[in-house]
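Asker: After the structure tokens below, expect a handful of questions from me.
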């Protein structure tokens, strides 16, 4: 029964394990525990353990795993579910009370409401978080006496279907008394006696509960598909790890908030695509955890290692996956750790997905350590090769200066341009990153909707004169470069100007040489812009070993790396002789 003094059963068990040192937790789980302790201490918040136990019994007696086997509810599931089903509060509302003789009046009454309307689970791959979503959705579909719409969404429709899969299996097996009753009869019986008709069935629309006319459907993770819906219960899977550009959770909440006791369950593993909408949402969650603003209606369980130094210690892996050893073997994690050491291209993906460590993009070509910037350096007055990747007029333009140093070392400086329109459309996490570039001077925001190449030319020339750079070679990608190159040739002549078209024929050799120089720490950069673009650089390698830069999507900028490659091609074209005298006299 309801009590504002009772201790939550499963949280108390979990808390005692943490205090005894049996359950390692990270900083963010510790902060969430503080928030739960605040709920316990709040006299206006009530706990109802019967509802929590009812959900647990429903899962263990009625539900099955995807292979049809019985369910033994995990302690982590009970902890998460307790947050949803255990907490309630009362609000005062004016309720219309009709009179028997006509008319009526408004009376003030206390209305019981469920506290948690959104729950975020960020937990490592293999924690059975999708199964947990299935159990929550099935419970509301079967137990709720109201007619409700429920939705499940994920980056792909097939992925969202995984939430419905255990429910469909449970319907087919019908191991518990409730499902046995609900599945009696035939779905083909539409005109006969109602008692002979099936009450719960998996149909082409989704999973339907015919007694209440409720339905659980799959929807694509797109704002234009999710806006306008009024789902009472929603599951959003892999909202952080997928290639998501829009905020599906806000779109769902716009319609769901019109209903009493709605719930949005957001589950995901950590992503390896940084600074997108997922990171913007996560920034808000961290603000809640740190107490920067109060939001008691949101439950947050963010599992991860506290830092990368904890990866070699299996006893700490439960920080990232509380179900390790139950839903996924320690051996699987150990194999991934060894793979990350032997195949650096997979390192960031493994650290993100297995250990919850958010790193900068996929480093398919450059490892994380290779992208790190060095100490600040000044190359004023030195000769260099200039590379330009001008891209589209409304996108990113990048210029990279490559400075040959002694003993095959190279210094790098880059400057990039975007429009105010592009900047205004950035999500908050990406804008914060761009502000960092602006502060260090590697990014300039120009007024307007389209970049003017003549304005950019004047800025670049002033930049070169300001730093007294001696540009001895110029390499450029010909796409959208006509205006800039024509003016450069007019002012500086055609000598040492080289076109570097995109493709394996021109990119394969210089990319391989740049990789070798970066691995041996002979290319030195001191700007966060280069770290960012190197972290986004993905290279396609065909069966013959040929390489070509690839942009996975337009938001993942690699333009400074492409311009660096153009500068390196121009440097190689004129040879060391063009810089030999200077190198012999420094």
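In the working numbering, the protein residues as written are 456 to 1041. Glycine included, each C-beta is placed from N, C-alpha and C at the ideal position. Remember, it's a predicted structure, so these values are computed and weren't measured experimentally.
(1) Below 8 Å, can you find three or more Cβ-Cβ pairs linking the stretch 597 to 605 to the stretch 678 to 693?
(2) Can you check whether the CB of residue 696 is closer than 8 Å to the CB of residue 657?
(3) Can you tell me the Cβ-Cβ gap for residue 576 and residue 584, rounded? I've got them flagged as a contact below 8 Å.
(4) With a threshold of 8 Å between beta-carbons, can residue 608 be considered close to chain C, or not?
(5) Which ranges would you report for the beta strand (DSSP E) in the stretch 931 to 1002 if only whole runs of at least 3 residues count?
(6) Which residue spans inside the stretch 653 to 738 form an unbroken beta strand (DSSP E) run of at least 3?
(7) Let me make sure I understand the geometry here. Which of 553, 738, 515 has the alpha-carbon closest to that of residue 634?
(8) Among 967, 821, 632, 975, which has the Cα closest to the Cα of residue 987?
(9) For a test of the three-state rule: what should DSSP assign to residue 803, helix, strand or coil?
(10) What are the partner residues of residue 772, as DSSP defines its beta bridges?
(11) Helix, strand or coil for residue 858? Go by DSSP, reduced to three states.
(12) Given a cut-off of 8 Å on the beta-carbon distance, is the pair residue 984 and residue 1015 in contact?
(13) Cα separation between residue 939 and residue 914?
(14) In whole angstroms, what separates the C-alpha of residue 1029 from that of residue 738?
(15) Closest to residue 487 by CA distance: which of 675, 746, 560 is it?
(16) Pairs of beta-carbons, one from the stretch 532 to 551 and one from the stretch 786 to 794, closer than 8 Å: are there three or more?
(17) Identify the continuous alpha helix (DSSP H) that holds residue 923 and give its terminal residues.
(18) Under a Cβ-count criterion, where at least 16 other Cβ atoms within 10 Å of its own Cβ denotes burial, should residue 581 be classed as buried or exposed?
(19) Would you list the one or two residues that DSSP bridges to residue 899?
(20) Which residue wins for smallest C-alpha separation from residue 924, given the options 867, 750, 467, 616?
(21) Report the start-end ranges of each beta strand (DSSP E) in the stretch 746 to 798 that is 3 residues or longer and not cut off at the edges.
(22) Are the stretch 500 to 510 and the stretch 779 to 786 touching by the rule of at least three beta carbon pairs closer than 8 Å?
(23) Can you tell me the Cβ-Cβ gap for residue 474 and residue 542, rounded? I've got them flagged as a contact below 8 Å.
(24) With a threshold of 16 other CB atoms inside 10 Å of the CB of residue 992, please say whether the residue is buried or exposed.
(25) Assign residue 693 to buried or exposed, taking buried as 16 or more other Cβ atoms, counted over all protein chains shown, within 10 Å of its Cβ.
(26) Classify residue 536 as helix, strand or coil using the three-state DSSP reduction.
(27) Measure the alpha-carbon distance for residue 573 versus residue 616 and round it to whole angstroms.
(28) Report the rounded CA-to-CA distance for residue 562 versus residue 555, giving the unit in angstroms.
(29) Hey, would you say residue 399 sits closer than 8 Å to residue 618, going by beta carbons?
(30) With a CB to CB cut of under 7 Å and the five nearest residues on each side skipped, what residues in its chain are close to residue 872?
(31) Starting from residue 546, trace the alpha helix (DSSP H) both ways and give me its first and last residue.
(32) What are the partner residues of residue 561, as DSSP defines its beta bridges?
(33) DSSP state of residue 481, grouped into three classes?
(34) Taking the alpha helix (DSSP H) that residue 596 belongs to, which residues open and close that run?
(35) Let me confirm a value: residue 897 is counted as buried when at least 16 other C-beta atoms fall within 10 Å, else exposed. Which label applies?
(36) Tell me the residue span of the alpha helix (DSSP H) that contains residue 624.
Answerer: From the atom records:
(1) yes
(2) The sequence position of residue 657 within the chain shown is 202, counting from 1. The sequence position of residue 696 within the chain shown is 241, counting from 1. It is not a contact, given that the beta carbons lie outside the stated cut-off.
(3) Locating residue 576 in the chain shown gives position 121, counting from the first residue. Locating residue 584 in the chain shown gives position 129, counting from the first residue. About 5 Å separates the two Cβ atoms, so the contact holds.
(4) In the structure shown, chain C does not exist; there is a single protein chain.
(5) 952 to 954, 978 to 980, 993 to 996
(6) 655 to 657, 662 to 664, 669 to 675, 688 to 692, 718 to 723
(7) Along the chain shown, read from residue 1 onward, the residue named residue 634 stands at position 179. Nearest of 553, 738, 515 to residue 634, Cα basis: 515.
(8) Taking the chain shown and counting its residues from 1, the one referred to as residue 987 is at position 532. Nearest of 967, 821, 632, 975 to residue 987, Cα basis: 821.
(9) As a working mapping, residue 803 is identified with position 348 in the chain shown. Of the three classes helix, strand and coil, the one that applies to residue 803 here is helix, per DSSP.
(10) Here residue 772 is taken as the residue at index 317 of the chain shown, counted from 1. Beta-bridge pairing links residue 772 to no other residue.
(11) Within the chain shown, residue 858 is the residue found at index 403, counting from 1. Three-state result, residue 858: strand.
(12) The residue given as residue 984 occupies position 529 in the chain shown. The residue given as residue 1015 occupies position 560 in the chain shown. Yes, Cβ-Cβ distance for residue 984 and residue 1015 is below 8 Å.
(13) Position 484 of the chain shown, counting from 1, holds the residue named residue 939. Position 459 of the chain shown, counting from 1, holds the residue named residue 914. Taking the straight line from one Cα to the other gives about 12 Å.
(14) Looking up residue 1029 in the chain shown gives position 574. Looking up residue 738 in the chain shown gives position 283. Each residue's Cα considered, the two are about 48 Å apart.
(15) For the purposes of this step, residue 487 is identified with residue 32 of the chain shown, where counting begins at 1. For the residues 675, 746, 560, the minimum Cα distance to residue 487 belongs to 746.
(16) no
(17) Taking the chain shown and counting its residues from 1, one reaches residue 923 at position 468. Premise fails: residue 923 is in no alpha helix (DSSP H) and is neither H nor E.
(18) Within the chain shown, numbered from 1, the residue matching residue 581 stands at position 126. Residue 581 is buried by the Cβ-count criterion.
(19) Numbered from its first residue, the chain shown carries residue 899 at position 444. In DSSP, residue 899 forms a bridge with 872.
(20) Sequence index remark: in the chain shown, residue 924 carries index 469 (1-based). Residue 924 has its Cα closest to that of 867, out of 867, 750, 467, 616.
(21) 753 to 757
(22) no
(23) As a working note, residue 474 is residue 19 in the chain shown. As a working note, residue 542 is residue 87 in the chain shown. Not quite, the Cβ-Cβ distance comes to about 22 Å (not below 8 Å), so this is no contact.
(24) By 1-based counting over the chain shown, the position of residue 992 is 537. Residue 992 comes out buried.
(25) Residue numbering aside, residue 693 sits at position 238 when the chain shown is read from its first letter. Buried, because 16 or more other Cβ atoms sit within 10 Å of the Cβ of residue 693.
(26) Position 81 of the chain shown, counting from 1, holds the residue named residue 536. Helix at residue 536.
(27) Counting from 1 along the chain shown, the entry for residue 573 is found at position 118. Counting from 1 along the chain shown, the entry for residue 616 is found at position 161. Going from the Cα of residue 573 to the Cα of residue 616 covers about 21 Å.
(28) For the purposes of this step, residue 562 is identified with residue 107 of the chain shown, where counting begins at 1. For the purposes of this step, residue 555 is identified with residue 100 of the chain shown, where counting begins at 1. So the two alpha carbons sit approximately 15 Å from each other.
(29) Within the shown structure, residues of the chain are numbered from 456 to 1041, placing residue 399 beyond reach of any answer.
(30) Counting from one through the chain shown, the residue named residue 872 turns up at place 417. Hits under 7 Å: 852, 899, 901, 906, 911.
(31) Indexing the chain shown from 1 puts residue 546 at position 91. Note, residue 546: premise wrong, no alpha helix (DSSP H); beta strand (DSSP E) at 542 to 553.
(32) Start at 1 with the first residue of the chain shown, and residue 561 comes out as number 106. Answer by DSSP bridge pairing, in chain order: 551.
(33) Translated into positions along the chain shown, residue 481 becomes position 26. Three-state result, residue 481: coil.
(34) Here residue 596 refers to the residue found at position 141 when the chain shown is read from its first residue. Unbroken alpha helix (DSSP H) run through residue 596: 584 to 598.
(35) On the chain shown, residue 897 is found 442 positions in, with the first residue counted as 1. Residue 897 is buried by the Cβ-count criterion.
(36) Locating residue 624 in the chain shown gives position 169, counting from the first residue. Looking at the DSSP string, the run of the alpha helix (DSSP H) that includes residue 624 is 612 to 628.
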